[in-house]
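Below is one structure, written out as structure tokens; comments come after it.
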């Protein structure tokens, strides 16, 4: 597994596009922070600026990082050298999901750290800011959810054999289908929708959407969805030939 | 390393592309793998390495490829010259593979120099000619200093100097390794191979030492045309 993580790290860092994604997500956060200049910064405002405001963008970048694992392999034919190096396909998928989760979490943490530093410089921050446990909980969940989205994107990329299509599908799922389902089914359904339940959980008061805080069961929804997707991807990888279009 | 292919079979839809193919590739010699277009050579090589799924099995010193302890250090393969991300440099492509194989980075520089790509190693591989891409594929196959080499049309795109260089490289590699090379270049194969496998429509037509085949028919080309006369799937019309 260590060799696979090293392989993935080399793969990710050797493409300029990935550094551009990282720079983009940090720049997006910093530009957003400028709107908070001169205002008071308490824990709730900090969570809004550091987590809620940019969560969608961070998920999108995390999805792009995860989806390229198999998406690029099938597009450019590198699936063959990859499978020659790691012929156990299930292990390859699991390792790539873990590596993408680490990368997605790291990207979110870096953006959060840069944003936090700028906010502290620009705003009048509350003396009790750092003592609020809900701030740290939201910061941690914001980063972890980006990692989970990256891992999910690994599975979707393997299923559809394309990075772009995988990102588009995930964006539609999180940005269109789930909000429509929430409207159609009522606010209570949010707790059962993977992306919206994560959004709720990462919010300061556990309720970013104003439909009531989610319960502990919501925390299981996304991991279950992730497990199902990776299971389907493992089955597809196991029975498909390693060819590319 | 001895490579034993046993009953390899692959069907695409209702069509049998590889049909119960069995042969052995012995170490210490170059085994040429010949056949007309569409005979199933590339599919056979991919079956052997578990890249396409089908019937039969291939054992590398008694173990299937996926059960080898350290595959890139035991078997090197070139199946598709352009199997790299076009925006990644040749050096980064190899560093990535080296990281996966547990091979130190300095080995990357060694194999790049060995295949003649040292001067262009930091350029994006997408700009490489077919010959340069073949050299990069060979560098990847040699990275782990493996005990067996499986190469699919490695001379494609190489200029005459490159073909001669490849011949010397493979002859040297075969002193202590098993080397299986598919090719359409019969004159080149006559200079390179010690043993020849010929397939047609996925079936084994010949499995014999080169000397035996050429003694029987006069040249490898004559033997090949004799063997595959009825097996050509994509025959052209007259001139």
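Protein chains in written order, with the numbering used here: chain A, 60 to 304; chain B, 737 to 975.
Using N, Cα and C, we set each Cβ at its ideal position, and we do this for glycine too.
- The three-state reading of DSSP puts residue 197 of chain A in helix, counting H, G and I together.
- At a cut-off of 9 Å between beta carbons, residue 300 of chain A contacts chain B.
- With fewer than 16 other Cβ atoms from the protein chains shown falling within 10 Å of its own Cβ, residue 297 of chain A counts as exposed.
- Membership of residue 931 of chain B in the beta strand (DSSP E) is indicated by the continuous run 931-936.
- Using a Cβ-Cβ cut-off of 7 Å, residue 818 of chain B is close to 136 of chain A, given in chain order.
- Within the DSSP bridge table, the entry for residue 791 of chain B names B:745 as partners.
- With a cutoff of 9 Å on beta-carbon distance, residue 776 of chain B and residue 811 of chain B are scored as not near each other.
- With a contact defined as Cβ atoms closer than 8 Å, residue 911 of chain B and residue 764 of chain B qualify at about 7 Å.
- Judged by beta-carbon spacing, residue 793 of chain B lies beyond the 9 Å limit of residue 762 of chain B, meaning their Cβ atoms are not closer than that value.
- Between residue 167 of chain A and residue 90 of chain A, the C-beta spacing is not below 9 Å.
- With distances taken between CA atoms, residue 118 of chain A lies nearest to A:257 out of A:247, A:257 and A:75.
- Around residue 159 of chain A, no beta-carbon contact reaches into chain B at under 7 Å, the shortest distance being about 15 Å.
- Per DSSP, the continuous alpha helix (DSSP H) segment holding residue 174 of chain A begins and ends at 148-181.
- Using beta-carbon distances, residue 289 of chain A does not count as an interface residue toward chain B, since no partner is under 9 Å.
- The three-state reading of DSSP puts residue 890 of chain B in coil, since its state is none of H, G, I, E or B.
- Comparing alpha carbon positions, the residue from B:815, B:796 and B:814 closest to residue 806 of chain B is B:796.
- When the beta-carbon positions are compared, residue 285 of chain A and residue 210 of chain A come within less than 9 Å of each other.
- If you check each beta-carbon in the segment 787-798 of chain B against every beta-carbon of chain A, the ones closer than 8 Å belong to 787, 788 and 789.
- Residue 67 of chain A has its alpha-carbon roughly 11 Å from the corresponding atom of residue 831 of chain B.
- At the C-beta level, residue 857 of chain B and residue 843 of chain B stay beyond 9 Å of one another.
- Close partners of residue 131 of chain A in chain B (Cβ separation under 7 Å): 821.
- Listed along chain B, the residues sitting closer than 7 Å to residue 66 of chain A by beta-carbon distance are 832, 835 and 836.
- In this structure, the CA atom of residue 128 of chain A is about 13 Å from the CA atom of residue 76 of chain A.
- Taking every protein chain shown into account, the CB of residue 784 of chain B has 16 or more other CB atoms within 10 angstroms, so this residue is buried.
- Per DSSP, the continuous alpha helix (DSSP H) segment holding residue 66 of chain A begins and ends at 61-72.
- Annotation for residue 162 of chain A: 71, 124 and 209 place their beta carbon closer than 7 Å to its own, counting only its chain and skipping 5 residues before and after.
- When rounded, the separation of the alpha-carbon atoms in residue 172 of chain A and residue 194 of chain A is 13 Å.
- In terms of CA proximity to residue 820 of chain B, A:134 leads the group A:101, A:148 and A:134.
- If you draw a straight line from the Cα of residue 88 of chain A to the Cα of residue 918 of chain B, it is about 54 Å long.
- With its beta carbon at least 9 Å from every one in chain A, residue 851 of chain B lies outside the interface.
- Counting only Cβ-Cβ distances below 9 Å, residue 220 of chain A has no contacts in chain B at all, with the closest Cβ about 15 Å away.
- Contact check for residue 929 of chain B and residue 788 of chain B: beta-carbon distance about 25 Å, past the 8 Å limit, so the pair fails to qualify.
- Excluding residues up to 5 positions away in sequence, 154 lie with their Cβ nearer than 7 Å to the Cβ of residue 60 of chain A in the same chain.
- Contact note: residue 74 of chain A reaches chain B through 821, 823 and 824, using a C-beta cutoff of 8 Å and chain order.
- When DSSP states are grouped into helix, strand and coil, residue 884 of chain B belongs to the strand group.
- Closest in C-alpha terms to residue 759 of chain B, from the list B:934, B:875, B:829 and B:957, comes B:934.
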